[in-house]
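A.B. asks: One structure follows; several queries about it will come next.
There are 6 protein chains.
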Amino acid sequence: MQDVELISPQLAILDEEPYYHAVGDEVPLFESAWRNRLPVLLKGPTGCGKTRFVEYMAWKLKRPLVTVACHDDLTAADLVGRYLIVGGQTVWMDGPLAAAVRAGAICYLDEVVEARKDTMVVIHPLADSRRVLPIEKRGELVHAPAGFMLVISYNPGYQSVLKELKQSTRQRFVAFEFDYPDAELEAAIVSRETGIGADVAAKLVKFAAMTRNLKGSGLDEGASTRLLVHAGKLIVDGVPPVAACRAAIAQAVTDEPEMLAAVHEMSSSIF
Amino acid sequence: MQDVELISPQLAILDEEPYYHAVGDEVPLFESAWRNRLPVLLKGPTGCGKTRFVEYMAWKLKRPLVTVACHDDLTAADLVGRYLIVGGQTVWMDGPLAAAVRAGAICYLDEVVEARKDTMVVIHPLADSRRVLPIEKRGELVHAPAGFMLVISYNPGYQSVLKELKQSTRQRFVAFEFDYPDAELEAAIVSRETGIGADVAAKLVKFAAMTRNLKGSGLDEGASTRLLVHAGKLIVDGVPPVAACRAAIAQAVTDEPEMLAAVHEMSSSIF
Amino acid sequence: MQDVELISPQLAILDEEPYYHAVGDEVPLFESAWRNRLPVLLKGPTGCGKTRFVEYMAWKLKRPLVTVACHDDLTAADLVGRYLIVGGQTVWMDGPLAAAVRAGAICYLDEVVEARKDTMVVIHPLADSRRVLPIEKRGELVHAPAGFMLVISYNPGYQSVLKELKQSTRQRFVAFEFDYPDAELEAAIVSRETGIGADVAAKLVKFAAMTRNLKGSGLDEGASTRLLVHAGKLIVDGVPPVAACRAAIAQAVTDEPEMLAAVHEMSSSIF
Amino acid sequence: MQDVELISPQLAILDEEPYYHAVGDEVPLFESAWRNRLPVLLKGPTGCGKTRFVEYMAWKLKRPLVTVACHDDLTAADLVGRYLIVGGQTVWMDGPLAAAVRAGAICYLDEVVEARKDTMVVIHPLADSRRVLPIEKRGELVHAPAGFMLVISYNPGYQSVLKELKQSTRQRFVAFEFDYPDAELEAAIVSRETGIGADVAAKLVKFAAMTRNLKGSGLDEGASTRLLVHAGKLIVDGVPPVAACRAAIAQAVTDEPEMLAAVHEMSSSIF
Amino acid sequence: MQDVELISPQLAILDEEPYYHAVGDEVPLFESAWRNRLPVLLKGPTGCGKTRFVEYMAWKLKRPLVTVACHDDLTAADLVGRYLIVGGQTVWMDGPLAAAVRAGAICYLDEVVEARKDTMVVIHPLADSRRVLPIEKRGELVHAPAGFMLVISYNPGYQSVLKELKQSTRQRFVAFEFDYPDAELEAAIVSRETGIGADVAAKLVKFAAMTRNLKGSGLDEGASTRLLVHAGKLIVDGVPPVAACRAAIAQAVTDEPEMLAAVHEMSSSIF
Amino acid sequence: MQDVELISPQLAILDEEPYYHAVGDEVPLFESAWRNRLPVLLKGPTGCGKTRFVEYMAWKLKRPLVTVACHDDLTAADLVGRYLIVGGQTVWMDGPLAAAVRAGAICYLDEVVEARKDTMVVIHPLADSRRVLPIEKRGELVHAPAGFMLVISYNPGYQSVLKELKQSTRQRFVAFEFDYPDAELEAAIVSRETGIGADVAAKLVKFAAMTRNLKGSGLDEGASTRLLVHAGKLIVDGVPPVAACRAAIAQAVTDEPEMLAAVHEMSSSIF
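Chains as they are written, first to last, in the UniProt record's numbering: chain A, 1 to 271; chain B, 1 to 271; chain C, 1 to 271; chain D, 1 to 271; chain E, 1 to 271; chain F, 1 to 271.
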C-alpha cells in the first residue's frame, strides 16, 4: 500500500496572558488534575467565563489550546479526522482532537452534551488510564503525551433527558462547578473590559443580579457577565444607559412582552 | 501535500443607497454595535423591513453585504465552505460566511432559527470576543477583520420550542425589536414605492391595521408593509382596489373561508 | 481555478395556444402581476385547471414555461442545480429554477407545500424586490430578467400543520383562488375535450356536482373536471356510461365500499 | 460538454400468452383506457391475479412490460435513472420507468403506495394529458409514444393514513377493483396450474372461502388463490392434503396459535 | 458502453454432513417445496436449530448455501449487489442474493423481519411463479435456475407491529413451525455435541424445561438447546455444574436480579 | 478484476501484566470459555474493572487485544472494514473486528448495546458454532482461528427498551456479572494505584459505599472505584481531601444541588 500522507497542523501556544480572575480554588485544582493526567469537566451557565478560564490555564501550563464548539451534527469523524482526495492522492487530515493529542495540547470540547453520542464514546479511551485515541480508519492508536489534557464543559441548567452525560462518561472526569463572580469582582471585570466607570459598572451588576433572580420565574437564564460587558461598551460609546441595557441585556435574554417590560422597568429604576 | 487552491469570491459594496426610513434609534444603535464589534440580532414580523434595514446599514457603513436565507437543511458546511473536485484538482470553495469574514463584510443570516443547530454553533466563536471562524476541514482559523459584522434575525411570533435560540447563542448579540412603521410613515413608504396617491395609500394602511388587529384571533399574522406595496402596484396598473386587496392582501394572509370573507368585507368598507 | 462548464438548457416558448376558458378575472390579474414583477400563488383543488391556466398564460405572455412537480424529497439543489462529473471534468448543471431564471421564463412550482422547507427558502430572494437567485455552490447571484415570473400552487384543502406555507413565504405572493368552472362552462369543456354530446356532458357534470357535495361527508374530494374528461373518453370509445363512470370516476375518488355503492347509485340514477 | 452515453435497454414483448381468465369486463375496459392513453389503477388483495392480468394485457396489446415492485426506499432516481461512472466515463442509465416510456411499453408499478412520495409525483406529468417524463438530471423531457401506458396497483385493505394515495394522484387514473374469482373459476385455475383433480381443487377452494370469512375476525387476509396453487402442488407431489394445507395455507396466513388451530381444524374437516 | 466486469463468487457445496436430528416431517416437506420450486418460511424461537436444519437440507439437496443475517440497515443493495470502483474501473459485485440465484444455491435470509422493507420487496419476484431477480442498477433480469431456493426465517414471539411480515410477502411461502426437540431427543443432542454423560444431559434438559415454563412470566424466552450445549461444554471442561448453569444459562437469559435468583435456585435444586 | 490490496494491521500481544485482582471465579470461567471457543458477555456498572479484566485475560492467554468502544453510529462497516481509494488504487482496509478475527485476537466490544443493530447481527455467525465472519463486500468468509474470542459488555442498569440485547444475541454468550470489589480489596486497589495511605484509602471506600447506597434514591450510580483512584491521586498531589472528594467524586456523580450538598456532607463527616 502506498503511503497516505498525514496532515496534522502545528499548534501554537498562546503568547499573551488572557485576562482571568479566579473565583475559588479552580486554578490549583486544574493544575493538579493536569499533573495527574486526569481529564476535567467544567459545569456552569453561559457567559460566566468557562472558555476564558481554559484559555488562561492553557497559557499558564504552556500548552497549545484546541477549542471545539460541539453541536448536534458533530460526528466522531469531525473530531478524529478523515481521508480527503487532494490532487488525486488520498491524504489523511487529522481532526482537532487527533491534532490536539499528537501535539500534547489541551483539547476543550465546549457544550459537549450537544454532540452526538458517538463523540462521547470516542473520548472514553482518552479519558481513562489508557489515554489513547484509536483512529479506526487508519488502524492507528495514538498515545497521548504527558502534556495532553481533555477538558469538556456543559451547562447543567439546560441538560434535557435526551442530552445528558452518561455516568460511564462523567465518571471519567474531575469536575468543577462555575458560577457568576461575586458582585465586587464582577464590577471590576466589567470595568476593566469596557473602560466604564466603577459606579456604572456596579449599577450594571446590580441590574444583572435582578435578572438572575428571575431565573425559573419567567427567564430561562439571567444576564451573563458577557452581556454586562456589551452594555458597558455601548454606554462608553455614547448610547444612553437605558437604551444600552434594553438592547444589550433585556432583548438578549427574552422575547416575552411582559417579561421585557418588567426587565426594562428594572433598568429604568437603576439608571 | 499539494496546495489546494482557495476560491473566495470578491464581494462588492452596494453602490446605490437603499430606501430606508428609520422608525426609532435603530441606526445609531447598529452603528455603535458595529464600532464595538458586537454582533446584532433583529427580531420582528415578516415584511416589516428587517432585510431592507440591513441593506441600508451595509451601504451606510460601506461594507459588502452577504445575505443567507436560513432553512432546515442549511448545514455548517453550507456556510463555511467545502472541497470540490474541479478538473481533477481539489479546490476549497469558501461558503458565504467564510467569504464574508475574509472580506470584512456584513453577514446577514435571515430567519436563523430555521437553520440546523450546527449552524448556530459555528457562529459562536465569531460572536464573542474571539471573533474567529474555525474552518476545521482546512485546519484554518480565520480572524475577522475590524469591518466584519454578524447580523441574524428571526420572528419571535413563530418560534416553536424546537426552534428557539439557545441562551448560549442569544446572549452573544445586541438585540433590536422591529415592528411595522406608524400609520403616517407607512403610508409615505407605500406611496413612494408604488407611485400611488396619498389617499389610497392611507386607505391601504388603514386596511392593514384592521388585519393586524386580527392577529391571534383568526390570522397568524396581519398584512405586512410589503403586501400594501403589492396592492398599490396592482392598483396603479389599473386593477380595481377591491380586487387588488383581495389578491395581494386577503388571499395572501389566509385560506380560511370565513376569515377571507371577513377580510374582503373590510376592504370593501374602505374602498 | 479551471473553468467549470455551465450547462443550462435552452427553453422554448409553447407554439400552440393551450385550450383554456377563463372563469373570472384571473387573466388580467395575472398579467398585471407579471408586469409588476410580482410572483403569483394559485390555490385550488386537484384537476380544476391550474396547470392548464399557467400553460395558457405562458403562451399568452410569450414566455417559456418550466414546470416542477414538488415532492417530499425535492431539495434546493434539485431546483438550483448541482455539479456533475462528466468525462473527468466537473460541470455545473442548472436546475429547472436556475434555468428558468436565466431564460426569463415562467417557473411553475406545482404543489409547493409538498417540497422540503429549504425549497421554500431558496425562492425567497426571487419572490421579493431583490428578484435574485443565489447559487451558493457557485458563489453566483443570478438576477432575474424582466420576463421571469415565479408561480406556485397548492391545494388548501390538503394542507396539514406540518405542510403549510409560512407567512414569511406566502406574504411574498399575489394569490388567486381557483374552483371548478360553473356547470355550463364545465359541460362545454368536457364536450370539447372528448367529442362527447352536450347532453351526456351535462349529465357527467351533474354527476360530478353530486360527488362534490359529498366532500367532507365521506369523500376527501369530489370528482374533478379531469375525471369527467376521462369518463367522456371511455364513453366515446364505446364503454357503457355507467361502467365508464364507475371506472373513471367512482373508483378513482374512493376505496370505501359504502361510499362506492352510494356513488355508483348516483351515476345509475343519471344515466 | 462531452457527450454522455445513454444506456437504455431494449425491451422485448412477451412471446407466450400468459394464462389469464377474465372475471368481469376488465379486459375491454383496459383496452379502452389504453386506446385513450389513460393510465390505469388496479386495486385488490394480494395473490388475486393483478400481476398476471397485467402480463396478459401486455401480451394482448403486444407491448413490452416493465414491472417494478415498489418499496419504502424506492426513489424517483431509481425509476428515472442515474449517472454512473463506467471506465472513467459518465454514462446515463435509464431507470425502468424511463426505459418503458422510450420503448412505448406498459410500466407496472406494483404496490405503489409503498414507494416514497417523490415517486408518486414523478409520475404525475406522465399520468395526465401531457404524457411526458421530465428527467431533470439530464434536462430532458421524454414524450411518451402512443403505445406507452402506466399501470399502478395497491391493496386498499392495507392502506394506512401514512401510505394512502393522494387525490391529486388517484384522480389521474381509470381504476378497477379486483377480487378473488368465483368458486368454480378458482377451482378450474387451481386445477390447471397444478394438475390436481377437480374434486381436490374444489375442496381447496372451499377451504379458502372459510379462511376468507375470517378476514377481520382474527385473520388480516384470507388464503389467496396463489396459496391454493401451492397446496395443490405439494399434494400432487405426495404430501398428505392436511399437511399440505397446514404448511402452504394455515402457517402462511397466521402465527397466532388459536387461529392456527382453528384453521387446521377447518382443513381436517374438509379432507 | 464499455463492459463492466461482473464479480460473482463461485459457491461451494458443503462437503460434510451437518449433524441434524429431524423432529417431524420437516425434511420431506422441505424436499417437496424444493422440487416444486416454492420458497420456504421457517418460524421458531432462537437457538432451536433452524440454521442447522437449513445447513442439513443444503447438504442433502447438494446445493451451495448462502446465509444472510438480516438487520435494520440491510438494504436491497446489500442483497442484490453494487458497483465498485476498482483500479479506476467500475465493476459490479453481486450481493449474496444475486450470487445465490446465479449459482442455483439455497439462499437463507435469517431473521428476515429485521431487514428494511425494501429487502422484503426485492424478494417478491423471486418468491412467486416468475422466479426472477431484477437487478435494476444493471438493467438485468436474472432467471433463477431450477436448483435455486429461497428460505427465510423469523421468530413469531418477537414480532412487533412495526416488524411484521406483510401478507403480500408471507403468502408467497410454504411455512414450517419449529420448536425445541422433545426431552429425550434434546438430551441426546446435548450429549452428542458436548461429550457429557447422559445423566447430566438429562438434568440440563430438565433445567431448560423449567426456564421455558417461565416464558411470559418474567423471562422473554427460555433457555435454548444452544445454551445447554454451552453449559455442557463448560462442565466437561471442569467447571462445577451450578457455576456452569449460572454463566451459560441463567446470566444468558436474564439481567433481572429476582429472576436470576429464581433461576439459580432451580439449577441448584437439580445439581 | 485487478487485485485489491488487503490492509490488515499486525496486532501485538500486551507485554506487561496489567494489574487485576480477581473478585470471584471469573478467571477460570473465562479460560474455560476460551478453551471451548465460546464468546463471553460481561455485565456490570461503569468503572468496576471490566476493561481491566479483559486486558488481564488477554495478557494471561497471550492473545492480542482489540477494544472497540461502541456508539450510536458504529456500523457493521466500521467493524468489518471498507474499501478506500489510495493513490488511485482501491484497497480494502480491515475493520477492528476483521483484523481481530484474522489475528486470532480477543475482540472486546465495550458497551455493545450502544451500537446500531447491524453490529449485533454481524457478530452472530462469529458467536455460534460456525465462528465465521462474512465480509459481504469482499465476498469473503473469514474462519476464526482457535485463539480468537469475542467479548462484549454492557451495563444492565442503563439498558433501555430501545437498547436491549435481543435473546437471539445474548443466548450466544457465556455471561458473567461484575460488581465493585469488597471494601478491603477495593481499599488495597486504591492504595496500590495512587500511593495513598491505607487509612485514607479505607475512608474513600467508606465514602463510596455511602454514595452507592443512594443509587436509585437520587443518584443514577454510586462512585466507581475509578473515582476513588482520581480522588486519591489529587490528595497525594496535595489537594485537601474534602476538596478532592468534591471535584473527583461528588461533582462527577451528580449535578443536582441538594444531592451535591448531601454528598459533600458525607465526605466532610469522614475526613
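Idealized CB from N, CA, C, for every residue including glycine.
Please look up how many angstroms separate the CB atoms of residue 226 of chain F and residue 47 of chain F, rounded, as I've assumed it's under 8 Å.
C.D. replies: Sequence index remark: in the sixth sequence, residue 226 of chain F carries index 226 (1-based). Sequence index remark: in the sixth sequence, residue 47 of chain F carries index 47 (1-based). Yes, residue 226 of chain F and residue 47 of chain F are in contact; Cβ-Cβ is about 4 Å, under 8 Å.
A.B. asks: With C-beta atoms as the reference, is residue 231 of chain D less than 8 Å away from residue 244 of chain D?
C.D. replies: The sequence position of residue 231 of chain D within the fourth sequence is 231, counting from 1. The sequence position of residue 244 of chain D within the fourth sequence is 244, counting from 1. For residue 231 of chain D and residue 244 of chain D, yes; Cβs fall inside 8 Å.
A.B. asks: Since residue 126 of chain D meets chain C, which of its residues come closer than 9 Å, beta carbon to beta carbon?
C.D. replies: Within the fourth sequence, residue 126 of chain D is the residue found at index 126, counting from 1. Scanning chain C for C-beta atoms nearer than 9 Å to the C-beta of residue 126 of chain D yields nothing, as the closest lies near 10 Å away.
A.B. asks: By the three-class DSSP mapping on this structure, what secondary structure does residue 99 of chain F have?
C.D. replies: As a first step, residue 99 of chain F is located in the sixth sequence; it is residue number 99 there, counting from the start. Of the three classes helix, strand and coil, the one that applies to residue 99 of chain F here is helix, per DSSP.
A.B. asks: Please look up how many angstroms separate the CB atoms of residue 55 of chain C and residue 14 of chain C, rounded, as I've assumed it's under 8 Å.
C.D. replies: On the third sequence, residue 55 of chain C is found 55 positions in, with the first residue counted as 1. On the third sequence, residue 14 of chain C is found 14 positions in, with the first residue counted as 1. Confirmed, Cβ separation roughly 7 Å.
A.B. asks: If you draw a straight line from the alpha carbon of residue 269 of chain D to that of residue 44 of chain E, how long is it in whole angstroms?
C.D. replies: Mapped onto the fourth sequence, residue 269 of chain D falls at position 269. Mapped onto the fifth sequence, residue 44 of chain E falls at position 44. Computed Cα separation, rounded: 27 Å.
A.B. asks: Determine the direct distance from the alpha carbon of residue 83 of chain D to that of residue 96 of chain C, and round the result to whole angstroms.
C.D. replies: The count along the third sequence starts at 1 and reaches residue 96 of chain C at position 96. The count along the fourth sequence starts at 1 and reaches residue 83 of chain D at position 83. Spanning the two alpha carbons is a distance of roughly 18 Å.
A.B. asks: Could you tell me whether the Cβ atoms of residue 69 of chain C and residue 110 of chain C are closer together than 8 Å?
C.D. replies: Along the third sequence, one-based indexing puts residue 69 of chain C at 69. Along the third sequence, one-based indexing puts residue 110 of chain C at 110. Yes, they are a contact pair.
A.B. asks: Ordered along the chain, which non-local residues of its own chain (more than five positions away) have a Cβ less than 7 Å from that of residue 142 of chain A?
C.D. replies: As a working mapping, residue 142 of chain A is identified with position 142 in the first sequence. Excluding residues within five positions, the ones whose Cβ falls inside 7 Å are 98, 101, 102, 132, 133 and 135.
A.B. asks: Report buried or exposed for residue 62 of chain B, applying the criterion of at least 16 other Cβ atoms within 10 angstroms of its Cβ.
C.D. replies: Position 62 of the second sequence, counted from the first residue, corresponds to residue 62 of chain B. Residue 62 of chain B comes out exposed.
A.B. asks: With DSSP as the reference, label residue 232 of chain E as helix, strand or coil.
C.D. replies: By one-based count along the fifth sequence, residue 232 of chain E stands at place 232. In this structure, residue 232 of chain E counts as helix in the three-state DSSP scheme.
A.B. asks: Out of F:237, F:36 and F:203, which one is the CA nearest neighbour of residue 239 of chain E?
C.D. replies: Position 239 of the fifth sequence, counted from the first residue, corresponds to residue 239 of chain E. Residue F:36 is the option with its Cα nearest to residue 239 of chain E.
A.B. asks: Look at the alpha carbon of residue 29 of chain D and the alpha carbon of residue 165 of chain D, and state the distance between them as a whole number of angstroms.
C.D. replies: Position 29 of the fourth sequence, counted from the first residue, corresponds to residue 29 of chain D. Position 165 of the fourth sequence, counted from the first residue, corresponds to residue 165 of chain D. Answer to the nearest angstrom: the Cα atoms are 22 Å apart.
A.B. asks: Using the Cα positions of residue 211 of chain E and residue 123 of chain D, report the straight-line distance between them to the nearest angstrom.
C.D. replies: To locate residue 211 of chain E, count along the fifth sequence from 1; it is residue 211. To locate residue 123 of chain D, count along the fourth sequence from 1; it is residue 123. Each residue's Cα considered, the two are about 56 Å apart.
A.B. asks: Does DSSP put residue 2 of chain F in a helix, in a strand, or in coil?
C.D. replies: Here residue 2 of chain F is taken as the residue at index 2 of the sixth sequence, counted from 1. Caution applies to residue 2 of chain F, whose pLDDT of 43 falls short of 50 and renders its modelled position unreliable; the model cannot decide the point.
A.B. asks: With DSSP as the reference, please indicate the residues paired to residue 176 of chain E in a beta bridge.
C.D. replies: One-based indexing of the fifth sequence puts residue 176 of chain E at position 176. DSSP lists E:42 as partners of residue 176 of chain E.
A.B. asks: Can you list the residues of chain C that residue 70 of chain B reaches, using a CB-CB cut of under 8 Å?
C.D. replies: If you number the second sequence from 1, residue 70 of chain B lands on position 70. In chain order, 121 make up the part of chain C whose C-beta sits under 8 Å from the C-beta of residue 70 of chain B.
A.B. asks: Kindly indicate which residue of D:176, D:249, D:138 and D:198 has the alpha-carbon position closest to the one of residue 155 of chain D.
C.D. replies: Counting from 1 along the fourth sequence, the entry for residue 155 of chain D is found at position 155. Ranking the options by Cα distance to residue 155 of chain D, first place goes to D:176.
A.B. asks: Below 7 Å, is the gap between the Cβ of residue 183 of chain D and the nearest heavy atom of the ligand HEM?
C.D. replies: As presented, the structure is devoid of all ligands, the ligand HEM included, so that no description of it is given.
A.B. asks: Please list the segments of the alpha helix (DSSP H) lying wholly inside the segment 127-214 of chain C, counting only runs of 4 or more residues, in order along the chain.
C.D. replies: 167-170, 183-194 and 198-213
A.B. asks: Residues in the segment 169-199 of chain B with C-beta within 8 Å of chain G's C-beta atoms, listed in sequence order?
C.D. replies: Of the chains in the structure shown, none is chain G; the protein chains are A, B, C, D, E and F.
A.B. asks: Reducing DSSP to helix, strand and coil, say where residue 119 of chain B ends up.
C.D. replies: Taking the second sequence and counting its residues from 1, the one referred to as residue 119 of chain B is at position 119. Residue state, collapsed to three classes: helix.
A.B. asks: Counting only C-beta atoms, is residue 75 of chain C closer than 8 Å to chain D at any point?
C.D. replies: As a first step, residue 75 of chain C is located in the third sequence; it is residue number 75 there, counting from the start. With a threshold of 8 Å between beta carbons, residue 75 of chain C makes no contact with chain D.
A.B. asks: Which residue marks the beginning of the alpha helix (DSSP H) containing residue 276 of chain D, and which one marks its end?
C.D. replies: The structure shown does not extend to residue 276 of chain D, since chain D spans only 1 to 271, so no value can be given for it.
A.B. asks: To which residues of the same chain is residue 191 of chain D closer than 6 Å at the C-beta, ignoring the five residues directly before and after it?
C.D. replies: By one-based count along the fourth sequence, residue 191 of chain D stands at place 191. Within its own chain, the residues whose Cβ lies closer than 6 Å to the Cβ of residue 191 of chain D, once the five positions on either side in sequence are excluded, are 198 and 201, listed in chain order.
A.B. asks: Using a Cβ cut-off of 8 Å, which residues of the segment 17-42 of chain C contact any Cβ in chain B, in chain order?
C.D. replies: 25, 28, 29, 32, 33, 35, 36, 38 and 41
A.B. asks: Starting from residue 245 of chain C, follow the alpha helix (DSSP H) in both directions and report where the run begins and ends.
C.D. replies: By 1-based counting over the third sequence, the position of residue 245 of chain C is 245. Residue 245 of chain C -> alpha helix (DSSP H) spans 241-245.
A.B. asks: Using a beta-carbon distance below 8 Å, is residue 114 of chain A in contact with chain F?
C.D. replies: For the purposes of this step, residue 114 of chain A is taken as the residue at position 114 of the first sequence. Taking Cβ atoms only, chain F never reaches closer than 8 Å to residue 114 of chain A, which makes this a no.
A.B. asks: Between residue 250 of chain C and residue 263 of chain C, is the Cβ-Cβ spacing less than 8 Å?
C.D. replies: Along the third sequence, read from residue 1 onward, the residue named residue 250 of chain C stands at position 250. Along the third sequence, read from residue 1 onward, the residue named residue 263 of chain C stands at position 263. Against a cut-off of 8 Å, the Cβ pair of residue 263 of chain C and residue 250 of chain C comes out as a contact.
A.B. asks: Cutting at 6 Å between CB atoms, please list the residues of its own chain near residue 271 of chain A, excluding the five before and the five after it.
C.D. replies: By 1-based counting over the first sequence, the position of residue 271 of chain A is 271. Correct list, in chain order: 241 and 242.
A.B. asks: Below 8 Å on C-beta distance, what does residue 143 of chain B contact in chain C?
C.D. replies: As a first step, residue 143 of chain B is located in the second sequence; it is residue number 143 there, counting from the start. Neighbours of residue 143 of chain B on chain C: none; closest Cβ ~22 Å, over 8 Å.
A.B. asks: According to DSSP, simplified to helix, strand and coil, what is residue 20 of chain F?
C.D. replies: For the purposes of this step, residue 20 of chain F is taken as residue 20 along the sixth sequence, with counting starting at 1. Residue 20 of chain F falls in the coil class under three-state DSSP.
A.B. asks: Drop a sphere of 10 angstroms on the beta-carbon of residue 179 of chain B, count the other beta-carbons inside from all chains shown, and report buried for 16 or more, exposed for fewer.
C.D. replies: Residue numbering aside, residue 179 of chain B sits at position 179 when the second sequence is read from its first letter. Around the beta carbon of residue 179 of chain B, fewer than 16 other beta carbons lie within 10 angstroms, which makes this residue exposed.
A.B. asks: Should residue 265 of chain E go down as buried or exposed, given a rule of 16 or more other Cβ atoms within 10 Å for buried?
C.D. replies: Along the fifth sequence, one-based indexing puts residue 265 of chain E at 265. Residue 265 of chain E comes out exposed.
A.B. asks: By the DSSP assignment, the beta strand (DSSP E) with residue 106 of chain B in it spans what residues?
C.D. replies: For the purposes of this step, residue 106 of chain B is taken as residue 106 along the second sequence, with counting starting at 1. Note, residue 106 of chain B: beta strand (DSSP E), 106-110.
A.B. asks: At a CB-CB cut-off below 8 Å, which residues of chain B make contact with residue 318 of chain C?
C.D. replies: The structure shown does not extend to residue 318 of chain C, since chain C is modelled only from 1 to 271, so the question has no answer here.
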